[in-house]
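Per the UniProt record's numbering, the sequence shown starts with residue 1, numbered consecutively. Positions of the beta carbon are idealized from the N, C-alpha and C atoms, including for glycine. In this text the structure is predicted, and so the values were computed from the model without any measurement.
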Amino acid sequence: MSSFDDSSSTPSAAATAGESSQEDHSASVGSSNDDGPVGMEVVSQPEGDPAANDAQAMKLKDEGNEQLLKGHYLEAIGLYSDALEYSPTNAVILSNRAQAYIKVENYGLAMADATAALDSDPKYAKAYYRRGSAQYALGHLKDAKKDFRKVCQLQPKSKDARAKLQACEKAIREEAFLKAIESEMTAPLSETYDPNAILLNASSYDGPNPLMSDGPTEDMELEASLFQPGKLPREFVLASMEYFRNQKLIHKRYVARLLLTCKTMFESMNSLMEIDIPTEPPEHDPTASPRVTVCGDTHGQFYDVLNIFDMNGYPSSKNPYHFNGDFVDRGSFSVEVILTYLLWKIHDPTCIYLTRGNHETKNMNKIYGFEGEVKAKYDDKIFELFLEVFGHLPLAAVIGEKVFVTHGGLPTDETVMLDDIRKIKRGCEPPETGLMSDLLWSDPQPFPGRSPSKRGVGYAFGPDITQKFLERNGLSLLVRSHEVKEEGYLVEHGGKTITVFSAPNYCDTMGNKGAFIHFDKSLEPKFTQYTSVPHPDVKPMAYSAGMGGLFGL
Numbered sequence: 001m002s003s004f005d006d007s008s009s010t011p012s013a014a015a016t017a018g019e020s021s022q023e024d025h026s027a028s029v030g031s032s033n034d035d036g037p038v039g040m041e042v043v044s045q046p047e048g049d050p051a052a053n054d055a056q057a058m059k060l061k062d063e064g065n066e067q068l069l070k071g072h073y074l075e076a077i078g079l080y081s082d083a084l085e086y087s088p089t090n091a092v093i094l095s096n097r098a099q100a101y102i103k104v105e106n107y108g109l110a111m112a113d114a115t116a117a118l119d120s121d122p123k124y125a126k127a128y129y130r131r132g133s134a135q136y137a138l139g140h141l142k143d144a145k146k147d148f149r150k151v152c153q154l155q156p157k158s159k160d161a162r163a164k165l166q167a168c169e170k171a172i173r174e175e176a177f178l179k180a181i182e183s184e185m186t187a188p189l190s191e192t193y194d195p196n197a198i199l200l201n202a203s204s205y206d207g208p209n210p211l212m213s214d215g216p217t218e219d220m221e222l223e224a225s226l227f228q229p230g231k232l233p234r235e236f237v238l239a240s241m242e243y244f245r246n247q248k249l250i251h252k253r254y255v256a257r258l259l260l261t262c263k264t265m266f267e268s269m270n271s272l273m274e275i276d277i278p279t280e281p282p283e284h285d286p287t288a289s290p291r292v293t294v295c296g297d298t299h300g301q302f303y304d305v306l307n308i309f310d311m312n313g314y315p316s317s318k319n320p321y322h323f324n325g326d327f328v329d330r331g332s333f334s335v336e337v338i339l340t341y342l343l344w345k346i347h348d349p350t351c352i353y354l355t356r357g358n359h360e361t362k363n364m365n366k367i368y369g370f371e372g373e374v375k376a377k378y379d380d381k382i383f384e385l386f387l388e389v390f391g392h393l394p395l396a397a398v399i400g401e402k403v404f405v406t407h408g409g410l411p412t413d414e415t416v417m418l419d420d421i422r423k424i425k426r427g428c429e430p431p432e433t434g435l436m437s438d439l440l441w442s443d444p445q446p447f448p449g450r451s452p453s454k455r456g457v458g459y460a461f462g463p464d465i466t467q468k469f470l471e472r473n474g475l476s477l478l479v480r481s482h483e484v485k486e487e488g489y490l491v492e493h494g495g496k497t498i499t500v501f502s503a504p505n506y507c508d509t510m511g512n513k514g515a516f517i518h519f520d521k522s523l524e525p526k527f528t529q530y531t532s533v534p535h536p537d538v539k540p541m542a543y544s545a546g547m548g549g550l551f552g553l
């Protein structure tokens, strides 16, 4: 932990109620039970003896620091908030809460706290550092650069601050370079990339091949034909999963073929999927009702994904899964997770459905580890192909004509219909505002109306917005993910909104349960909870070099 990443952080008075929200969501954990919209709290001076108030504030701040160091971010946020009741303008406590908010990806609240700290103490370097961290996470690189430069002015001997400024300047140059290149390019990489040119040395690769033969084939046409929807052998998918379990990777040529096929397949789909309830029970449990299983964020926790399949059976047309975004980042087995999902998708397109999360995006992948992981395990071209696949993932689904599923939340535009979602143009990075952004980033709030998001992107939507959206579209329920929940799920908005999160003990620190939901023909949700399983000793964010230290776990 750097000199600026200490355990002093405090959230500003703005979170919504009683929920472990982390979104990633993710990153994103951090809601509290306030009665008003985010960012609208009026700070009043506390009554009583000032010295006693200051002493109590420092006591609570120290307790918050302890919780932050333990990775108990929500507890830290609560303690910092309590401290601010006694010392509302304390720059250190505000800055510490900003750090805790960054940990749970509530960047909007982090920026508000850091700005409030600077209003109190314009020369407080840590507040600039943390505001810059939040700005960087949201892709506001020029604003982040200003804050990091100010840190360097205030702390000229800080190597850490200088490194962050340089990383930010490098990201700005790379962004400008890529924009220049893109303006000259007429075709994406997928249109020119040739997997046939990738050499596969049978003497050095002992992994599975799609023919399930003793060695890879030299017949490129035959091999390519197997990486078509409905053609990939189930035995190859299962053998690949076992290979991943043993911390080995299938060959890059197979990955390239898989990604190219998936990009083409997703590109042909609408932004809104319709998923039917099967008519037959799953093969592994013929006594069960036919059902669809909905999972939330899995964030690179491959061994927990294996546990889901152990509990609930492998995907098949009779046992379909819907994974609701945020497959990658944070956890350091993200490549294995997303390849597993895509292998199943090509094996049988009706056995698994995937919707995009806010972490299936370029900026999140750069910060939270997936880019570094892909480049370490494969190369930059494979990462570019992953981005193309992510850009074409559907954004939402309707199960059984009544249950609406999307990663983040609802559009706050009260005229939006399902057909508007169905027609959203994809193949791009999500904009900061608009319908795509709302679906990927928004969160529920307990009070009516809409409020600025604690994340700095999207909105918080109330039960009235949920009710109106469901009614005008003939739906009965919203299922979303995007936030860590202590029990793995949370029912809100009078039973009309469910959050499901499927990464237990998120980032090896949160201690939360995971959950998934069964929907049979009754469309009544049935929850299964579970705890985390052991995994190899590779820490979360192991591949998040560069700016990763800003948000360090």
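Bounding residues of the alpha helix (DSSP H) (the contiguous stretch that carries residue i)
i, result
"Cys295", "First-last for Cys295: 292-295, but that is the beta strand (DSSP E), not the alpha helix (DSSP H)."
"His392", "380-392"
"Val104", "Val104 -> no alpha helix (DSSP H), and no H or E assigned at all."
"Val328", "Note, Val328: premise wrong, no alpha helix (DSSP H); not H, not E."
"Val374", "370-377"
"Glu82", "The sequence shown places Asp at residue 82, not Glu. Here the alpha helix (DSSP H) through Asp82 covers 73-86."
"Glu235", "234-245"
"Ser225", "220-226"
Under the three-state DSSP convention, the category residue i falls into
i, result
"Val335", "helix"
"Gln56", "helix"
"Glu524", "coil"
"Ile352", "strand"
"Ser190", "helix"
"Leu200", "coil"
"Arg450", "strand"
"Val416", "coil"
"Ala542", "coil"
"residue 600", "Outside the shown range of the chain (1 to 553) lies residue 600, about which nothing can therefore be said."
"His322", "strand"
"Ser437", "helix"
"Val403", "strand"
"Ser316", "strand"
"Pro536", "coil"
"Asp285", "coil"
"Asp206", "coil"
"Pro444", "strand"
"Gln529", "strand"
"Lys362", "helix"
"Leu109", "helix"
"Ala27", "The pLDDT assigned to Ala27 is 33, lower than 50, so where the model puts this residue is not dependable, and the model offers no usable value."
"Met311", "helix"
"Glu47", "coil"
C-beta atoms of residue i and residue j nearer than 8 Å
i, j, result
"Met294", "Phe516", "The sequence given here places Val at residue 294; Met does not occur at that position. In contact: Val294 and Phe516 (Cβ atoms closer than 8 Å)."
"Leu385", "Ala256", "yes"
"Ser437", "Gln445", "no"
"Glu233", "Met220", "The residue you asked about is not Glu; residue 233 is Pro in the sequence shown. No, Cβ-Cβ distance for Pro233 and Met220 is not below 8 Å."
"Tyr86", "Gly64", "no"
"Arg480", "Gly409", "yes"
"Met427", "Ala542", "Rather than Met, the amino acid found at residue 427 in this sequence is Gly. Going by C-beta atoms, Gly427 is not nearer than 8 Å to Ala542."
"Thr497", "Leu475", "no"
C-alpha distance - residue i paired with residue j, whole-angstrom precision
i, j, result
"Ala401", "His493", "The sequence shown places Glu at residue 401, rather than the Ala named in the question. Rounded to the nearest angstrom, the two C-alpha atoms are 20 Å apart."
"Pro504", "Asn512", "5 Å"
"Gln153", "Ala144", "14 Å"
"Leu440", "Ser334", "19 Å"
"Lys318", "Ala114", "51 Å"
"Ala163", "His359", "25 Å"
"Glu75", "Glu191", "49 Å"
"Asp206", "Gly456", "47 Å"
"Glu471", "Gly215", "56 Å"
"Lys123", "Ile275", "55 Å"
"Gly325", "Gln56", "42 Å"
"Ala116", "Phe461", "25 Å"
"Lys468", "Ile93", "40 Å"
"Glu487", "Ala187", "46 Å"
"Asn90", "Asp285", "58 Å"
"Leu200", "Tyr303", "28 Å"
"Lys150", "Met510", "33 Å"
"Tyr353", "Leu272", "11 Å"
"Gly514", "Ala376", "28 Å"
Residue span of the beta strand (DSSP E) that contains residue i, given as start and end
i, result
"Leu260", "Per DSSP, Leu260 belongs to no beta strand (DSSP E); it is in the alpha helix (DSSP H), 252-267."
"Val398", "396-399"
"Pro274", "The sequence as given places Glu at residue 274; Pro does not occur at that position. Unbroken beta strand (DSSP E) run through Glu274: 272-275."
Only counting runs of 3 or more residues, tell me where the beta strand (DSSP E) segments fall wholly within the stretch 458-519, in order along the chain.
-> 459-461, 477-480, 489-492, 497-500, 514-519
Complete alpha helix (DSSP H) runs within the UniProt repeat "TPR" (125-158) (minimum length 4 residues, chain order) | 125-137, 141-154
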